[in-house]
Amino acid sequence: MIAGRGEKDAAYIRKVISAQRKLELVSRGVLLFSIFPPAWLIGTAGLSVAKIMENMEIGHNVLHGQWDWMRDPKIHSTTWDWDHVSPAEQWKHSHNELHHTYTNVIGKDNDLGYGIMRVDEDQKWRPFHLGQPLWNFINACFFEYGIAAYDLELGRNLHKRRRKNPEFRVRARAVGRKIRKQVLKDYVIHPLLSGPSFLTTLAATFTANLVRNIWSHSVIMCGHFPEGVQVFERRSIEGETRGQWYLRQMMGSANISGSKAMHFMTGNLSHQIEHHLFPDLPSNRYAEVAVKVRALFEKYELQYVTGPLPKQVYSAWHKVFRLSLPNRKPKVTTPDREQALAAA
Numbered sequence: 002m003i004a005g006r007g008e009k010d011a012a013y014i015r016k017v018i019s020a021q022r023k024l025e026l027v028s029r030g031v032l033l034f035s036i037f038p039p040a041w042l043i044g045t046a047g048l049s050v051a052k053i054m055e056n057m058e059i060g061h062n063v064l065h066g067q068w069d070w071m072r073d074p075k076i077h078s079t080t081w082d083w084d085h086v087s088p089a090e091q092w093k094h095s096h097n098e099l100h101h102t103y104t105n106v107i108g109k110d111n112d113l114g115y116g117i118m119r120v121d122e123d124q125k126w127r128p129f130h131l132g133q134p135l136w137n138f139i140n141a142c143f144f145e146y147g148i149a150a151y152d153l154e155l156g157r158n159l160h161k162r163r164r165k166n167p168e169f170r171v172r173a174r175a176v177g178r179k180i181r182k183q184v185l186k187d188y189v190i191h192p193l194l195s196g197p198s199f200l201t202t203l204a205a206t207f208t209a210n211l212v213r214n215i216w217s218h219s220v221i222m223c224g225h226f227p228e229g230v231q232v233f234e235r236r237s238i239e240g241e242t243r244g245q246w247y248l249r250q251m252m253g254s255a256n257i258s259g260s261k262a263m264h265f266m267t268g269n270l271s272h273q274i275e276h277h278l279f280p281d282l283p284s285n286r287y288a289e290v291a292v293k294v295r296a297l298f299e300k301y302e303l304q305y306v307t308g309p310l311p312k313q314v315y316s317a318w319h320k321v322f323r324l325s326l327p328n329r330k331p332k333v334t335t336p337d338r339e340q341a342l343a344a345a
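Sequential numbering of the sequence shown, starting at 2, is according to this note's numbering.
Okay, structure coming up:
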């Protein structure tokens, strides 16, 4: 599959990038007249889709190095600057190096619960966890900022001593510069160019970013959080072999079923299992390899967690709510009580 990459794949990503840029340009052009409701609706919808395309099918996958084999300096993981407040270099470290290495390992994988949620029954429950449905909803609405925060490992670096760390300060300044760049583009320059449509363009851009954030958060949650997906303790990966690493990727990921349009709008992260097995495989090839991967699951009687988007989103959120509460104590049956009394 890797060896078979060629001009057809290169033409695909170039076509997607061209379509995304045209859609964004046209949508921003329509929003210049967003004072009129039809223009606001059309422009906002178009900009929302364009931002989703850029982050999911283009940005995420380019930064994974899926297209580095083309040797095109404009479509390369070392040069791509995505439409996101998290600097590309920091995201590549936290996502490509940490998340994909320590997938679903509690305390090592920041993508697992984003550092703000209880993700497994074996984790100690604290009163703080009662609020995790609310924390998760807020995180969904401002997801790009949440990603920037845990790429920066903000939680553990807020201590006064850590804040003075030169490396942290350099990374924090890089995040600040990227946020300023995004805010200037989306909330200053474009609205100002709209003249009398300033406020409506501002609202449209905020709405498009909100839609993109909630969509990407939903897709990513469906990749590792639905019921049936396994999580792992740190000690379980000590001495882990390469084969065991692949097995952990298989058991710690979940897919989304749906149409070609659905797969495209998720950045083909609907094939999350295949993506974690082959993270540098071009995204347009995941549907092809998924057939063989699923057959492997069936051969070894492993659970291939998949389902339509509504089902997977519900499953993930149900888990968020369930784990926000203390574990239910198992009911003691009459025979158990009799055995306990007899033992006493």
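Beta carbons: idealized from backbone N, C-alpha and C, even for Gly.
What you are looking at is a predicted structure, and each value in this text was computed from that prediction instead of being measured.
Less than 8 Å between the CB atoms is what I'm expecting for residue i and residue j, so what's the real figure, rounded?
i	j	result
T201	W41	6 Å
G147	N140	4 Å
T208	T307	With 8 Å as the limit, T208 and T307 do not qualify as a contact, their Cβ atoms being about 31 Å apart.
E228	K293	With a Cβ gap of about 26 Å, E228 and K293 do not count as contacting.
L324	R119	5 Å
Y287	H277	11 Å between Cβ atoms; not a contact.
I257	C223	5 Å
H218	F322	The pair is not a contact, with the Cβ atoms about 16 Å apart (cut-off 8 Å).
H100	D110	6 Å
S49	V212	4 Å
W136	N328	In fact, because the Cβ distance is near 20 Å, the residues do not count as touching under 8 Å.
C142	I221	That belief does not hold up - the Cβ atoms of C142 and I221 are roughly 14 Å apart, past 8 Å.
Using a 10 Å radius around the Cβ and a threshold of 16 neighbouring Cβ atoms, would you call residue i buried or exposed?
i	result
I14	buried
A317	buried
G7	exposed
T79	exposed
A149	buried
R178	exposed
L32	buried
R181	exposed
G240	exposed
Q67	buried
I190	exposed
Y301	exposed
D123	exposed
F226	buried
A262	exposed
K9	exposed
Span of the alpha helix (DSSP H) holding residue i?
i	result
R210	Checking the sequence, you will find Asn at residue 210 rather than Arg. 199-225 is the extent of the alpha helix (DSSP H) around N210.
F169	167-185
V290	287-300
Y103	Y103 -> no alpha helix (DSSP H), and no H or E assigned at all.
L26	8-31
P134	133-142
E275	273-278
P192	191-194
E90	89-92
Taking only three categories from DSSP, how would you classify residue i?
i	result
F265	helix
P311	helix
F233	strand
E49	The amino acid occupying residue 49 in the given sequence is Ser; Glu does not appear at that position. Looking at S49 - three-state DSSP - the assignment turns out to be helix.
S258	strand
E239	coil
R127	coil
M252	helix
G5	coil
L324	coil
G147	helix
N1	The question about residue 1 has no answer here: the residues shown for the chain are numbered 2 through 345.
L64	helix
A341	Because the pLDDT of A341 is 43, which lies under 50, any placement of that residue in the model is unreliable, and the number read from its coordinates should be weighed accordingly. DSSP places A341 in helix when its eight states are reduced to three.
F37	coil
I76	coil
Q245	helix
D152	helix
M57	helix
W83	coil
T334	Only weak support exists for where T334 lies, its pLDDT of 48 falling under 50; the value from the coordinates is given anyway. The answer is coil: DSSP assigns T334 none of H, G, I, E or B.
Y188	helix
L303	coil
E122	coil
L270	helix
L42	helix
E98	helix
D69	helix
Hey, is the stretch 15-23 in contact with the stretch 51-60, meaning 3+ C-beta pairs nearer than 8 Å? Touching, per the Cβ criterion.
Counting pairs of Cβ atoms below 8 Å between the stretch 240-256 and the stretch 23-35, do you hit three or more? In short, these stretches do not touch, since the Cβ pair count stays below three.
Under 8 Å: do the stretch 77-92 and the stretch 263-271 share three or more Cβ pairs, one atom per stretch? Contact between the stretch 77-92 and the stretch 263-271 is absent: fewer than 3 CB-CB pairs across the two stretches fall below 8 Å.
Check whether the stretch 73-89 and the stretch 172-191 touch, using three or more Cβ-Cβ pairs below 8 Å as the test. Taking a cut-off of 8 Å on C-beta distances, the stretch 73-89 touches the stretch 172-191, as three or more cross pairs fall below it.
Taking contact to mean 3 or more Cβ pairs, one atom from each stretch, closer than 8 Å, check whether the stretch 251-267 and the stretch 225-242 are in contact. Three or more beta-carbon pairs drawn from the stretch 251-267 and the stretch 225-242 are found closer than 8 Å, and the two stretches are therefore classed as touching.
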